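Notes follow once the structure below has been shown.
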Amino acid sequence: MRVGFGYDSHRFMDCGSGTDACASSQRLGGVEISGCPRLKGHSDADVLIHAVIDAILGATALGDIGSHFPDTDSCWKDADSAKLLDFVVQEISDAGYRIGNVDVAVICERPKLRPHVDSIRSCLANHLRVPVGSVSVKGKTNEGMDAIGEGLGIAVHAVALVEAADR
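Counting with my numbering, you get residues 664 to 830 for the letters of the sequence shown.
Laid out in structure tokens, this is it:
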């Protein structure tokens with residue numbers, strides 16, 4: 664068994680930037696969350712999936728999200744992070760591993776995650792090829808402390824357990 668830790672954070676887009684950032688929705692864990700401002704990012708900025716990808720890659724010592732999907736490569740511009748996760752899950756499978764479980768903590772003042780947790784767990788389980796009971800997602804706040812606590816963005820911590828696949 665191997666354990667990996669992942670982290671990612673993204674800032675919300677500026678509502679005054681001439682974009683539809685405030686009238687939009689944001690994808691978190693592969694699920695569209697309406698009423699949530701968009702996050703800045705090269706891909707779809709799904710900060711939750713990005714942290715999970717880094718945890719999986721860390722557990723298998725296969726690099727990190729930036730080495731696989733660099734933000735300097737235009738082919739990843741606006742990419743669907745769930746598809747990136749599918750690629751990584753297949754890559755670790757090819758390397759002889761499978762996901763045991765994933766535990767995720769999402770730190771944000773908005774959106775409130777509780778109404779979306781079951782959908783996010785189900786979506787992640789599908790992409791990770793594991794039962795829903797192997798995926799934990801928790802929403803936390805920073806109680807007004809730092810930029811996340813001031814509501815300027817979202818941060819995510821993820822831990823993944825991977826095991827040798829039965830051959």
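All C-beta atoms, glycine included, are put in the ideal place defined by N, C-alpha and C. Since the model is a prediction, treat every value here as computed from it, not as a measurement.
Query	Result
Ignoring anything shorter than 4 residues or poking outside the segment 742-806, list the alpha helix (DSSP H) runs there in chain order.	744-757 and 780-791
Can you list, in chain order, the residues of its chain whose CB lies under 7 Å from that of A847, leaving out five sequence neighbours each side?	With the chain running from 664 to 830 in the structure shown, residue 847 is simply not present.
Per DSSP, which one or two residues make a beta bridge with A823?	G667 and V765
Assign A758 to one of two classes, buried (16 or more other C-beta atoms within 10 Å of its C-beta) or exposed (fewer than that).	exposed
Who are A724's beta bridge partners in DSSP?	BP columns for A724 are empty, so no partner.
I'd like to confirm the pairing. Which residues does DSSP put opposite I811 in its beta bridges?	None, per the DSSP bridge assignment.
Please return the same chain residues whose Cβ sits closer than 7 Å to the Cβ of D707, not counting the five positions on each side in sequence.	R690, D741, A742, D743 and S744
Let me know if G729 comes out buried or exposed under the rule of 16 or more other beta-carbons within 10 Å of its beta-carbon.	exposed
Have a look at D671, N764 and A827 and flag the residue whose alpha-carbon is nearest the alpha-carbon of D709.	D671
So what does DSSP say about S706, is it helix, strand or coil?	coil
Ordered along the chain, which non-local residues of its own chain (more than five positions away) have a Cβ less than 7 Å from that of G814?	E772 and R773
Beta carbon of V767: closer than 7 Å to some heavy atom of the ligand FMN?	This structure does not include the ligand FMN; it has no bound ligands of any sort.
Sort out for me which residues DSSP pairs R674 with in a bridge.	G816
Would DSSP call S697 helix, strand or coil?	strand
Name the two residues that bound the continuous beta strand (DSSP E) containing S737.	First-last for S737: undefined, no H or E at that position.
Just checking my contact of A827 with Y760 at CB under 8 Å: how many whole Å lie between their CB atoms?	6 Å
Given this structure, state the Cα-to-Cα distance separating R701 from I817, to the nearest angstrom.	11 Å
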